[in-house]
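Chemist:
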DNA sequence: TATTGTTATACTCTATAACTATA
DNA sequence: TATAGTTATAGAGTATAACAATA
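Residue numbers (the working numbering), protein chains in the order written: chain A, 5 to 162; chain B, 5 to 162.
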């Protein structure tokens, strides 16, 4: 026999991009805030699409960079991602635990580790890329193709 | 006598938007990732400009919404910001501690609190808005005015 | 001296689950 | 039953500071 639920799990409220009847004041004019709201909306779609595997946006980015830049070390990975060494280590640890990546002693620098995908990591990354691309395409569908490439260009200037 | 430092404080590495010599693979084409990198760059400028007061982007947004929508309650604030009730409470708590906002019993619903700025909160918000606007203007300067309004429009579609 | 990785620690942000009071 | 607020708990993400090993 299963235990009866006392209450239903609370459903996540929908995120309205700029709800009516709310005064946003100065936030309306801040490009940083517009970016933040867009990011919230996109992250929600990401977690609904890919989140089931415990892979988050930062972990996905780290995984792709490790795959694309063989034998990169942690410090450089952190620089590229925009986090410090301690944070980069934490990301690599979270990919090492499920055996998606592995560290190896660097042959050229005995201080450094070299990070690369395991065979399982290779296989999982293929699936993940498909899931993330499907998510991104769904989100991108809200814009015309020419607007999308324009947006990419504008974002790249910050 | 002061204790001698053993090491210099580590400086934050610069964040290069799309560094050369790095392969980004599929990340290059994901609009979600382009947005993420732009956000990282903008957050860094925010913290360099405003962070000294302990006010973060989510706290600033909450403060403005409370100012602009008098007697809003926590749950509604959370909905607008895109977080749940528990997270909204945490935000309000962090604004209540330095006495920028205060809770009052709602006259119309004895379950609810009404949130509003204290006089100190009013005064501080004026300064904060100026700091945040200066930050945002500095960031926005990277785009021509017409590109900026275009960007705002495109971001609003997600 | 500077860099790589590590450890310890702490803080922000956010979520889930369950509880109380009220609607 | 549903909603507002609260509490306890947890986890992700990130930072700072210090240390050892190596360059």
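Beta carbons are placed, not taken as given, at the ideal position from N, Cα and C, and that holds for glycine.
(1) Looking at chain A, which residues of the stretch 63-83 of chain B have a Cβ within less than 8 Å of any of its Cβ atoms?
(2) With a cut-off of 8 Å, does the C-beta of residue 105 of chain A fall near any C-beta of chain B?
(3) Kindly give me the distance between the Cβ atoms of residue 81 of chain B and residue 66 of chain B, rounded to whole angstroms, as I take these residues to be in contact under 8 Å.
(4) What residues from the stretch 22-37 of chain B come within 7 Å of chain A, judged by C-beta to C-beta, listed N to C?
(5) Taking the beta strand (DSSP E) that residue 121 of chain B falls in, what are its first and last residues?
(6) Indicate the three-state DSSP secondary structure (helix, strand or coil) for residue 105 of chain A in the structure shown.
(7) Given residue 115 of chain A, which residues of its chain have a CB within under 7 Å of its CB, disregarding the five upstream and five downstream residues?
(8) Output yes if chain A places a C-beta closer than 8 Å to the C-beta of residue 135 of chain B; else output no.
(9) For residue 143 of chain B versus residue 35 of chain B, is the C-beta spacing smaller than 8 Å?
(10) Taking the straight line between their C-alpha atoms, what separation do you get for residue 111 of chain A and residue 123 of chain A?
(11) Would you identify the three-state DSSP class for residue 59 of chain B, choosing helix, strand or coil?
(12) Return yes when the Cβ of residue 68 of chain A is within less than 8 Å of the Cβ of residue 135 of chain A, no when it is not.
(13) Taking C-beta pairs closer than 7 Å, name the residues in chain A that residue 146 of chain B reaches, listed in chain order.
(14) Between B:148, B:127, B:121 and B:98, which lies nearest to residue 58 of chain B when the distance is taken from Cα to Cα?
(15) Apart from the five residues just before and just after residue 89 of chain A, which ones in its own chain have a Cβ nearer than 8 Å to its Cβ?
(16) Would you grab the beta carbon distance between residue 96 of chain B and residue 119 of chain B for me? Rounded to a whole angstrom, and I think it's under 8 Å.
(17) With the cut-off set at 8 Å, would you say residue 94 of chain A and residue 85 of chain A are in Cβ contact?
(18) Going by alpha carbons, who is nearest to residue 156 of chain B out of A:19, A:38 and A:31?
(19) What are the boundary residues of the alpha helix (DSSP H) that includes residue 93 of chain B?
(20) Among the candidates B:146, B:74 and B:152, whose CA atom is the shortest distance from the CA of residue 25 of chain A?
(21) Closer than 7 Å, Cβ to any Cβ of chain B: which residues of the stretch 108-131 of chain A, in chain order?
(22) Is the Cβ of residue 156 of chain A closer than 8 Å to any Cβ of chain B?
(23) What are the residues that DSSP puts in a beta bridge with residue 76 of chain A?
Modeler: Inspection of the coordinates gives the following:
(1) Flagged, chain order: 65, 68, 69, 71, 72, 73, 82 and 83.
(2) Locating residue 105 of chain A in the first chain gives position 101, where the first residue counts as 1. No, its Cβ sits nowhere closer than 8 Å to a Cβ of chain B.
(3) If you number the second chain from 1, residue 81 of chain B lands on position 77. If you number the second chain from 1, residue 66 of chain B lands on position 62. About 6 Å separates the two Cβ atoms, so the contact holds.
(4) Legend: CB atoms of the stretch 22-37 of chain B lying less than 7 Å from CB atoms of chain A belong to residues 22, 23, 26, 27, 28, 29, 30, 31, 34, 35, 36 and 37.
(5) By one-based count along the second chain, residue 121 of chain B stands at place 117. Start and end: 117-121.
(6) The residue you call residue 105 of chain A lines up with position 101 of the first chain. Under the three-state reduction of DSSP, residue 105 of chain A is assigned to strand.
(7) On the first chain, residue 115 of chain A is found 111 positions in, with the first residue counted as 1. Within the same chain, no Cβ atom closer than 7 Å to the Cβ of residue 115 of chain A is found once the five residues on either side in sequence are excluded.
(8) Counting from one through the second chain, the residue named residue 135 of chain B turns up at place 131. By this cut-off, residue 135 of chain B is not an interface position.
(9) The residue labelled residue 143 of chain B in the question sits at position 139 within the second chain. The residue labelled residue 35 of chain B in the question sits at position 31 within the second chain. Between residue 143 of chain B and residue 35 of chain B, the gap from beta carbon to beta carbon reaches 8 Å or more.
(10) In the first chain, counting from the first residue as 1, residue 111 of chain A sits at position 107. In the first chain, counting from the first residue as 1, residue 123 of chain A sits at position 119. Taking the straight line joining both Cα atoms gives about 21 Å.
(11) Here the question's residue 59 of chain B lines up with position 55 in the second chain. Three-state result, residue 59 of chain B: coil.
(12) Walking along the first chain from the start, residue 135 of chain A turns up at place 131. Walking along the first chain from the start, residue 68 of chain A turns up at place 64. Cβ atoms of residue 135 of chain A and residue 68 of chain A: not closer than 8 Å.
(13) Taking the second chain and counting its residues from 1, the one referred to as residue 146 of chain B is at position 142. Within chain A, the residues 161 and 162 have their CB atoms less than 7 Å from the CB of residue 146 of chain B, given in chain order.
(14) Taking the first residue of the second chain as 1, we reach residue 58 of chain B at position 54. Nearest C-alpha to residue 58 of chain B among B:148, B:127, B:121 and B:98: B:98.
(15) Residue numbering aside, residue 89 of chain A sits at position 85 when the first chain is read from its first letter. Cβ neighbours of residue 89 of chain A beyond the five flanking positions: 78, 79 and 82.
(16) Within the second chain, residue 96 of chain B is the residue found at index 92, counting from 1. Within the second chain, residue 119 of chain B is the residue found at index 115, counting from 1. Indeed, because the Cβ distance is near 6 Å, the residues count as touching under 8 Å.
(17) By one-based count along the first chain, residue 94 of chain A stands at place 90. By one-based count along the first chain, residue 85 of chain A stands at place 81. For residue 94 of chain A and residue 85 of chain A, no; Cβs fall outside 8 Å.
(18) Counting from one through the second chain, the residue named residue 156 of chain B turns up at place 152. Ranking A:19, A:38 and A:31 by Cα distance to residue 156 of chain B puts A:38 first.
(19) Stepping through the second chain from its first residue, residue 93 of chain B is reached at position 89. Residue 93 of chain B -> alpha helix (DSSP H) spans 89-100.
(20) Locating residue 25 of chain A in the first chain gives position 21, where the first residue counts as 1. Selection B:146, B:74 and B:152 evaluated against residue 25 of chain A yields B:74 as nearest (Cα-Cα).
(21) Within the stretch 108-131 of chain A, contact with chain B at the beta-carbon level (separation under 7 Å) is assigned to no residue.
(22) To locate residue 156 of chain A, count along the first chain from 1; it is residue 152. For residue 156 of chain A, the closest Cβ of chain B is nearer than 8 Å.
(23) Here residue 76 of chain A refers to the residue found at position 72 when the first chain is read from its first residue. Its beta-bridge partners are A:119.
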